[in-house]
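Beneath this line is the structure, given in structure tokens, with notes to follow.
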Amino acid sequence: MKPKSTSECDDGMQEYIEDIIGTAALKAPIETALSEVDRLAGDGKVAGLRIVETDKVKLDAERKEVQACLKLTNEHQASAVSMTSAQETYTIATGRRDNGDNDMGVHSGLLSLYVAVTGVDSGGE
-19 MKPKSTSECD DGMQEYIEDI IGTAALKAPI ETALSEVDRL AGDGKVAGLR
31 IVETDKVKLD AERKEVQACL KLTNEHQASA VSMTSAQETY TIATGRRDNG
81 DNDMGVHSGL LSLYVAVTGV DSGGE
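As structure tokens, then:
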């Protein structure tokens, strides 16, 4: 007698002992329970996926808000760099430095130069 059967029709030593002990009768309920466990595990995975999807939707709105804020920050920094470049160009071109005396002629000149260089109207005038 072989240790274990190779097919359903053939009996091996394991099947013979299972018949004697009475565990062969438990094969069908065990297989049914295993299939139920597999089904429930699949349901749990689906439920977990739904939870993750709702979390993703909630976080997506925050992600878009942060992206918009970062975009505005980057645009602001780019404008500041352009303004600094325009000020340096104006200083080199005129040979004058802005001493912080708030000379409106110098500032309006800087603004017009900035608009000419960048093509962006700041709406100041």
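For the sequence shown, position 111 matches number 91 in this note's numbering, and the numbering has no gaps at all. All C-beta atoms, glycine included, are put in the ideal place defined by N, C-alpha and C.
Which value, in whole angstroms, describes the spacing of the CA atoms of Val95 and Ile72?
When rounded, the separation of the alpha-carbon atoms in Val95 and Ile72 is 17 Å.
Other residues of its chain near Val97: CB distance less than 8 Å, five sequence neighbours each side excluded:
Ser62, Ser65, Ala66 and Thr69, listed in sequence order.
Going by DSSP, what residue range makes up the alpha helix (DSSP H) through Pro9?
For Pro9, the enclosing alpha helix (DSSP H) starts and ends at Lys7 to Thr74.
Compute the Euclidean distance between the alpha carbons of Lys7 and Glu(-12), then round it to the nearest angstrom.
Distance between the alpha carbons of Lys7 and Glu(-12) is about 13 Å.
For Val95, which of helix, strand or coil comes out of DSSP?
Val95: helix per DSSP, three-state reduction.
When the Cα atoms are used, what is the spatial distance from Glu105 to Leu39?
Unreliable placement is indicated for Glu105, whose pLDDT of 42 sits below 50; the coordinate value is still reported in the next sentence. Each residue's Cα considered, the two are about 41 Å apart.
Could you tell me the alpha carbon to alpha carbon distance between Ala48 and Gly24, rounded to whole angstroms?
Going by C-alpha positions, Ala48 is about 36 Å away from Gly24.
Measuring straight from C-alpha to C-alpha, what distance separates Asp(-10) and Ile(-3)?
A straight-line Cα-Cα distance of about 14 Å links Asp(-10) and Ile(-3).
Using DSSP with H/G/I as helix, E/B as strand and the rest coil, what is Glu(-2)?
Helix, per DSSP.
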